[in-house]
Every structure is written in structure tokens, then in C-alpha cells.
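According to the working numbering, the sequence shown is numbered sequentially starting from 10.
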Amino acid sequence: MDEVYDVLVVGAGPAGSTAAMLLAERGFGVLVVDKDRFPRDKVCGDGIAPRAVHSLQVLGVEGELKGRFRRTRGIRFYATRDGVTEVRYPMGSRYPDHGYVVPRRELDDILLRRARDKGAQVLEGCRVVGLLEPEGGRIPGVRAEKEGERLEIRARYILGADGPSSVVGREAGLLRRDPLYLGVSLRCYMRGVRDLADFLEIYPEDAISPGCGWIFPVSGDTANVGVGFMLYARREKDLNLNRLWEAFLRDTRHAAQKLASAEPLERPRGAILRVGRRGAFPRRANVLLAGDAASMTNPISGEGITYALESGRWAAETLAAALHCGDSEILALYPRILNWYYGRYFHYGTMAIRYGNRPAFVNPLLAVTSRLTRLGDKMGRFLMNCRRSDYPL
Ligand SMILES: Cc1cc2nc3c(=O)[nH]c(=O)nc-3n(C[C@H](O)[C@H](O)[C@H](O)COP(=O)(O)OP(=O)(O)OC[C@H]3O[C@@H](n4cnc5c(N)ncnc54)[C@H](O)[C@@H]3O)c2cc1C
């Protein structure tokens with residue numbers, strides 16, 4: 010391809026489309042490439058937390074969700090040995106008082122369409138397979154394949170928003186393979202789920218510990234149901250996603266009852282998560298990473314849409330400044346911004362889940378929070394990284 014774009018965005022998930030729409034809106038030449046064609050499915054729990062809703066409001070996208078998708082009012086945690094803790098948004102924070110459950114097939118399509126409307130060019134069905142050889146310390150572009158044809162795409166800056174297995178991140182030497190920052194999950198849409206309400210339901214039940222399960226209401230009696238665990242946990246226990254899934258459906262005290270007469274609408278599908286900030290370094294020369302590629306998933310909740318949207322916004326701001334000033338060294342700010350805003354929380358979150366995610370701690374904690382609303386709110390704020398003192402970005 011002959012054109013040299015200002016920014017090439019690899020990946021049209023929430024991180025990539027957010028960055029693309031903000032850069033295109035400012036008049037920069039942006040090309041977004043994605044290996045898939047949209048609308049496409051993406052393995053996810055589909056839970057949009059209040060902090061993510063705030064970003065969607067800033068982007069002017071929430072209007073497309075209202076009345077169309079399930080709105081949620083909070084979270085319920087089910088402990089095996091005691092009652093249910095119900096936490097209601099905004100949990101004493103300044104974030105919105107609601108969330109949503111939006112199938113990613115829909116959400117990502119809405120965001121990509123918005124990026125296109127703002128002027129970003131989009132190339133679907135185009136898989137990036139590597140980076141071009143560096144020229145003068147910069148990466149001049151990527152190698153890609155589209156319908157069997159090989160392409161070279163050139164740009165001043167490259168944003169790798171291509172998810173947890175990021176080709177851009179791997180080729181630039183920015184990804185770590187430390188199991189402390191890698192998780193695996195499996196999800197399946199199921200119909201006939203009992204007693205669904207406007208709450209995300211989380212099941213840290215003994216039968217699947219140190220894994221965790223969820224049931225998120227999609228519409229009617231259909232839910233997004235899944236389980237997952239962190240890879241380091243395999244050192245302590247012989248864990249396997251399929252067995253964990255079976256145990257979730259059969260051996261849990263609460264979830265198994267809810268799912269007793271539910272039937273799957275598809276084969277369960279798995280995916281990896283890159284969590285906790287330190288699973289990747291987000292910059293090399295003129296290349297930035299955002300979202301899962303930059304290991305921006307919350308290590309406690311596994312929630313990554315919030316941070317894909319936020320890091321997409323930060324990446325766009327930094328790239329716009331670099332393009333405006335003609336100085337790529339401005340990109341050095343990006344890792345600092347991510348560390349400043351997320352480093353501490355993600356570090357303590359990683360440690361909290363590493364050492365606290367066991368029945369001997371979870372059961373008593375949920376027993377107390379089920380009785381004390383304010384403590385439940387505090388736990389909810391910690392889980393969702395919504396501090397009382399935060400002014401939403
Ligand atoms: C099972 C599971 C459940 C989850 N549940 C939730 C939840 O309920 N709530 C929540 O907030 N988060 C959840 N997450 C995390 C969330 O899915 C991610 O954090 C989020 O999708 C990150 O967005 P992203 O834009 O960084 O990457 P992605 O959404 O992964 O998008 C990356 C894009 O890059 C494209 N791509 C990949 N490789 C290439 C390539 N080589 N060339 C071109 N394009 C490429 C892909 O096709 C994709 O469109 C869950 C994750 C998993 C695995």
C-alpha cells in the first residue's frame with residue numbers, strides 16, 4: 010500500500026476503535042486493520058462496568074446502548090458457605106449508577122462504526138503477521154495478509170490493540186510470558202437460566218476454587234456463563250478449563266441450581282487474558298500498545314473493557330501530541346501515564362488475588378459483606394477500581 014498513515018491501529022476491539030475514533034476526529038490519517046470481519050463475536054463475559062459506561066458516555070456512544078441491551082444495577086457474589094453479597098452501583102463512587110451486558114458482537118461493531126464515521130479508514134479481514142525492519146530506530150510499518158495477498162502497510166506511528174496475544178507486542182519484544190499475568194477463561198451463552206435479575210453474578214465457589222465463575226444476564230432467560238483461572242494456579246492444583254466448566258455446572262452450591270435446566274446455545278469457547286499491567290511494556294520507539302495487548306485487564310475482576318477504552322483514550326492523546334509536535338519522544342509519557350493511573354492498583358490487585366483467592370479467605374469475607382452494606386460497597390469499589398476519591402477521567 011502506497012500511503013503512509015499518521016497512525017496504523019492494529020485491532021478493532023474497544024481499545025483500537027476508541028483510539029482510532031479520537032485520532033480521526035482530530036483530522037489525523039488513521040487506518041484500522043483487523044483480521045476479522047465485523048460484526049464478529051469475541052469471547053468475553055460482555056459485562057460493562059460503570060467505569061466503562063463513563064468512557065462510553067465521554068465517547069458519546071452510550072445512547073446506542075440505552076433500551077437495546079440489558080442494564081445492570083450491581084453485582085451479586087455467591088459464597089459457598091454463606092449468603093449472597095449484593096453490591097449496588099455506584100457503590101459510593103462518582104461513576105455511573107449502572108452498567109450493561111452487551112454482546113461483544115454488538116459493542117465492538119458500534120465502536121468501529123463510530124471510528125469509521127469520524128473518518129478512520131478500516132481494513133477488515135486483514136491479519137498483521139509481523140513488523141517491517143526498523144529504519145533509523147523506528148518501525149516503519151507492518152507486514153499483513155488479506156485474502157491470500159501480502160501487504161506492507163506504512164505509518165508514522167503504530168498502535169498495537171490486537172488483544173492478549175498481540176502480534177505487534179510480541180514482534181516488538183514487549184510481551185512477558187509470566188503466568189502471574191496470564192489467565193484463561195471459557196464462556197458459553199445459555200438459555201433457560203433461572204432467576205436472572207439486573208445484576209452481574211459472580212461465583213467464587215469452593216468447588217471451582219482457585220477459579221471463579223460468572224452468570225451475566227443478556228436478555229430474558231439467556232445469560233453469558235463462564236469460568237476462568239490464572240495460569241500460576243496450575244502450580245498448586247491440576248486445573249483444566251473443561252473440568253472446571255463441568256464442576257461449575259454440576260458441583261457448585263449456587264450456580265449449579267441456577268443452571269440446572271439451562272441449555273447451551275453454542276459450544277463453550279475459551280480465550281486468554283493478559284492482566285495486571287506488568288504482563289507487557291506498552292512502548293517501543295514509535296509503537297504503543299493498548300488494551301489487552303498492554304496487559305490492561307483488571308487482575309481482580311478480569312474486567313478489561315474499561316481499561317481498553319481508557320488506554321485507547323490515553324494512547325490517542327499521546328499520539329495526537331506526538332503528531333502535533335512532530336516529536337516521537339512524547340510517547341515516553343505513555344508508559345508513565347499508565348503506571349501513574351493504574352500501576353499501584355494493578356500491582357496490589359495482582360497480589361490480592363494471588364494470595365487472597367482461597368475459600369478460607371473468600372467465605373468469611375463474603376459472610377461479613379453480606380451483612381454490612383458499607384463494607385460490601387467498599388469491596389465492590391476495590392474490585393472495580395472505583396475509588397471514592399476518583400473524579401472519572
Ligand atoms: C472469557 C472472558 C471473559 C471476559 N469478560 C469480561 C467482562 O465481562 N467484562 C470486561 O470488561 N472484560 C472482560 N474480559 C476482558 C475483555 O474481553 C478484554 O479486556 C477486552 O476485549 C480488551 O479489548 P482490546 O480492544 O484490548 O482487545 P480485543 O477485544 O481482544 O480486540 C483485539 C482485536 O484485534 C484483532 N486482532 C488480533 N490479532 C490480530 C492480527 N494479527 N491482525 C489484525 N487484527 C488482529 C482481533 O480480531 C480483535 O478484533 C473477558 C475476557 C475473557 C477472555
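Beta carbons: idealized from backbone N, C-alpha and C, even for Gly. Model, not experiment: these values are computed from the prediction.
Contact test: residue i Cβ vs ligand 1 heavy atom, cutoff 8 angstroms
| i | result |
| --- | --- |
| residue 315 | yes |
| residue 173 | yes |
| residue 345 | no |
| residue 282 | yes |
| residue 362 | no |
| residue 137 | yes |
| residue 223 | yes |
| residue 53 | yes |
| residue 246 | no |
| residue 226 | no |
| residue 170 | yes |
| residue 305 | yes |
| residue 194 | yes |
| residue 57 | yes |
| residue 279 | yes |
| residue 42 | yes |
| residue 235 | yes |
| residue 72 | no |
| residue 12 | no |
| residue 49 | yes |
| residue 289 | no |
| residue 96 | no |
| residue 336 | no |
| residue 23 | yes |
| residue 285 | no |
| residue 131 | no |
| residue 61 | yes |
| residue 302 | yes |
| residue 113 | yes |
Neighbourhood of residue i by C-beta distance below 7 angstroms, restricted to the same chain and skipping five residues each side
| i | result |
| --- | --- |
| residue 397 | 101, 102 and 390 |
| residue 265 | 258 and 259 |
| residue 147 | 294 and 295 |
| residue 383 | none |
| residue 193 | 237, 238, 240, 250, 279 and 281 |
| residue 399 | 102 and 103 |
| residue 267 | 202, 203, 204 and 224 |
| residue 82 | 97, 98, 107, 207 and 208 |
In DSSP terms, what residue i is bridged to
| i | result |
| --- | --- |
| residue 162 | 151 |
| residue 280 | 194 |
| residue 355 | Residue 355 is not bridged to any residue. |
| residue 226 | 232 |
| residue 144 | 147 |
| residue 211 | 86 and 223 |
| residue 139 | 152 |
| residue 167 | 17 and 296 |
| residue 199 | 232 and 273 |
| residue 132 | 42 |
| residue 238 | 193 |
| residue 306 | 284 |
| residue 184 | 289 |
Beta-carbon contacts of residue i that lie in its chain and below 8 angstroms, excluding the five residues immediately before and after
| i | result |
| --- | --- |
| residue 160 | 10, 135, 152, 153 and 154 |
| residue 46 | 133 and 134 |
| residue 55 | 110, 111, 112, 113, 116, 225, 227 and 233 |
| residue 139 | 151, 152, 176 and 180 |
| residue 269 | 203 |
| residue 246 | 219 |
Own chain residues within Cβ distance below 6 angstroms of residue i, not counting five before or after
| i | result |
| --- | --- |
| residue 292 | 340, 343 and 344 |
| residue 165 | 15 |
| residue 26 | 120, 121 and 124 |
| residue 185 | 288 |
| residue 215 | 89 and 368 |
| residue 376 | 91 |
| residue 149 | 141 and 163 |
| residue 305 | 316 and 320 |
Residue burial classification, residue i (beta-carbon count within 10 angstroms, cutoff 16)
| i | result |
| --- | --- |
| residue 386 | buried |
| residue 202 | buried |
| residue 244 | exposed |
| residue 450 | This structure cannot settle anything about residue 450, because the visible part of the chain is limited to 10 through 402. |
| residue 394 | buried |
| residue 173 | buried |
| residue 13 | exposed |
| residue 272 | exposed |
| residue 107 | buried |
| residue 333 | exposed |
Closer than 9 angstroms to chain D by CB, residue i
| i | result |
| --- | --- |
| residue 253 | The structure shown contains no chain D; it holds only a single protein chain. |
heavy atom of ligand 3 below 8 angstroms from residue i C-beta
| i | result |
| --- | --- |
| residue 176 | Within the structure as shown, ligand 3 is missing, the only ligands being ligand 1. |
- Message: List, from N- to C-terminal side, the beta strand (DSSP E) runs of 3 residues or more that fit wholly inside the region 26-108.
- Response: The beta strand (DSSP E) runs of length 3 or more contained entirely in the region 26-108 are, from start to end of the chain, 39-42, 79-81, 83-87 and 93-97.
- Task: May I have a chain-ordered list of the alpha helix (DSSP H) segments no shorter than 4 residues that lie completely inside the region 311-343?
- Result: Runs found: 314-334.
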